[in-house]
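In the working numbering, the protein residues as written are 2 to 171.
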């Protein structure tokens, strides 16, 4: 019977160690990726945007829900208003072939936003942007069009994460 208690000691030590690590991580403000704790005024936000179906606005709404916020569908019932002042995607040619055909594009997604609660400005207008480039070949037109769509979605998610970090700092 002494052997069983000896075998249980490493398990008990491991459990104690795991609890200690969990306590230290929770004390330092650690949180799971994608879940940003939001302050009280941002718990019931209204997202004000000209295009409520844009990739960025949809990514922001998903990020708010993931963080425990309850986005309001009505401005009057919201605790804060996140105003999307600019939600724009632009594309420019980076390089061309000898035949003057584009061989590389750069896509930039720019978002300008502000946050208010009543008549109090919580965050003045701020601009965030993400830039990606991709190669282009006319013979692969369909695949490259899909690549640009995936890049836009990825940039929208990155921008929503940036905005969420700023919201969590309020």
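In this text, a Cβ means the ideal position worked out from N, Cα and C, and glycines have one as well.
Item	Value
Rounded C-alpha distance that separates residue 48 from residue 62	8 angstroms
Beta-carbon proximity check, residue 57 vs residue 104, cutoff 8 angstroms	no
Candidates 43, 110 and 51, of which the one nearest residue 66 by Cα	43
Contact set for residue 102: own chain, Cβ-Cβ below 8 angstroms, skip 5 residues either direction	139
CA-to-CA distance, residue 106 to residue 53, given in whole angstroms	27 angstroms
Three-state class that DSSP yields for residue 57 in the structure shown	helix
Residue from 40, 50 and 41 whose Cα sits closest to the Cα of residue 115	50
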